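Student:
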Amino acid sequence: MKVLIMGCGRVGAQLAMLLDAEGHKVTVLDMDTHSLRRLPSNFGGTALFGNGVDEESLRKAGIGEMDIFVAVTQGDNRNVMACQIAKHVFNVPRVMCRIYDPLREEMYSQLGLETISPTKIFAQLLKEKIEG
Amino acid sequence: MYIIVIGGGRVGYYLLKGLLNEGHEVLLVERDARICATITEEMGSVCYHGDGCEAATLGEVGASRADMLVAVTGDDADNLVACQVAKHKYHVPRTIARIRNPQNEALFKKLGIDVTISTTAIILEYIEREVPTHPLARLLAVEEKGLVIVDITIAPESSTAGKAVKDLDLPEESKLVLVVPHGGVAHVPSGGTVLRGGDQIVAVTTPELRDKLEGALRGTPVSGKPRKK
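Those sequence lines, one after another, are chains A and B.
Here the numbering used here is used: the first residue of the first sequence is 1, the next is one more, and so on.
Here the numbering used here is used: the first residue of the second sequence is 1001, the next is one more, and so on.
(1) Mind listing the chain A neighbours of V1081 of chain B? Cutoff is C-beta to C-beta under 8 Å, in chain order.
(2) To the nearest angstrom, how far is it from the Cα of T1206 of chain B to the Cα of L1139 of chain B?
(3) Counting pairs of Cβ atoms below 8 Å between the region 47–65 of chain A and the region 28–36 of chain A, do you hit three or more?
(4) Please tell me whether V1204 of chain B and I1122 of chain B are closer than 7 Å, where the distance is taken between their beta carbons.
(5) According to the neighbour-count rule (16 or more other Cβ atoms, all chains shown, within 10 Å of its Cβ), is A1071 of chain B buried or exposed?
(6) Should H1278 of chain B be flagged as near chain A, meaning a C-beta pair shorter than 7 Å?
(7) Since I1099 of chain B and E1105 of chain B are thought to touch, with beta carbons under 8 Å apart, how far apart are those beta carbons, to the nearest angstrom?
(8) Does the distance from the C-beta atom of V80 of chain A to that of Y108 of chain A stay below 7 Å?
(9) Please work out which residues of its chain come closer than 8 Å, Cβ to Cβ, to I1039 of chain B, disregarding the five sequence neighbours upstream and downstream, and give them in chain order.
(10) Mind listing which residues of the region 1112–1136 of chain B have their C-beta closer than 9 Å to chain A's C-betas, in chain order?
(11) If we count the other Cβ atoms within 10 Å of its Cβ and call it buried at 16 or more, is M1068 of chain B buried or exposed?
(12) Can A1077 of chain B and R78 of chain A be called in contact, C-beta distance under 7 Å?
(13) Would a C-beta distance cut-off of 7 Å place G52 of chain A and M6 of chain A closer than the cut-off?
(14) Starting from M107 of chain A, trace the alpha helix (DSSP H) both ways and give me its first and last residue.
(15) Under 7 Å, Cβ to Cβ, is there at least one residue of chain A near C1053 of chain B?
(16) Kindly indicate the opening and closing residues of the alpha helix (DSSP H) around T1237 of chain B.
(17) Counting only the same chain and skipping the five closest in sequence on each side, list residues whose C-beta sits under 7 Å from that of A1055 of chain B.
(18) Looking only at C-alpha atoms, which of B:T1120, B:R1210, B:S1118 and B:A1063 sits nearest to R1094 of chain B?
(19) Hey, A1141 of chain B and E1128 of chain B: beta-carbon distance below 7 Å or not?
(20) Quick check on this structure: which residue in A:D20, A:G44, A:K25 and A:L39 has the alpha carbon closest to the alpha carbon of G9 of chain A?
(21) Exposed or buried, F1108 of chain B, counting other C-beta atoms within 10 Å across all chains shown (16 or more means buried)?
(22) Under a three-way DSSP split, which group does C8 of chain A fall into?
Structure below.
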């Protein structure tokens, strides 16, 4: 599968590495070239410098051919905007969006984005561990 | 009217002042506590400290009874989300977003933002009007009707100079509304009005037919033929 990951933080880099190891065609996009250092030296995908909320950068990253777009930058709003561009402008079949704020996550999920709130998931996980 | 403004930068600050002067009920939402304190000190309790993109914040400032939300932070993504939360969660009837990247205009429209304002696009339009290589300039967009009002000057060497309006190959949905002759008085053209070089024309068209209208009005420059003195 062809996957475009926006944001090369810890999660983005880890996901890129895992998918690359499985043989998927991975492209990682980040606004800060320094972040791309997180990718392992044997990473076989493409690492690009670019702004994920800019249509032109996304086009250069080959968004038109992607099967999946994943937005995992630090900013909820940037993730939401990039995902909506991927979905509504470039018609990417599957669009996944990290949104920390549970309220915003709920709303955008209702608007048709595939959303994940780490806040909600982690709190739930901790609660389950505590309650055993 | 109750208007919520998101972002207390320079645009937000002067917008707040202007709207208050017009007698509206206005509340500015600003993330930076220091900016908020400064504004409160100057204008009273018209500034709420919080993140205007958060549904909870908009709930606290009573977004559900707001008539309008204007997002003027310096970040396009923040403005988009503030407007979308207002629209979908609190059903604010009218949302206005400032955009930095003019390319985002189409996207924001598609995502349901009622009005977008791009300072970059506005400056570009002014430049278009001033630069002679762009004889057709957009004056105003009537968005609800899908129309634009444009302005064009007939070049003296154009093939349309000396032609009557009825003889022009104008696209169907385009109308010439005003002719301002060089140094003359503006008048509403009829079919028999003859265009002259230097005439400024104001016309209504659709964004799609803009280029066609421009072609019809500019004609072809009579460049191949020897120029008459």
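Yeah, the Cβ is synthetic: ideal placement off N, Cα and C, and Gly gets one too.
Quick caveat, the model's predicted, so the values are computed rather than measured.
Tutor: In short:
(1) D76, N77, V80, M81 and R104
(2) 13 Å
(3) yes
(4) no
(5) buried
(6) The requested residue 1278 of chain B does not occur in the structure, where chain B is confined to residues 1001 to 1229.
(7) 6 Å
(8) yes
(9) G1008, Y1013, L1016, L1028, E1030, V1046 and C1047
(10) none
(11) buried
(12) yes
(13) yes
(14) P102 to Q110
(15) yes
(16) Only positions 1001 to 1229 of chain B appear in this structure, which leaves residue 1237 of chain B out of reach.
(17) V1085 and K1089
(18) B:A1063
(19) no
(20) A:L39
(21) buried
(22) coil
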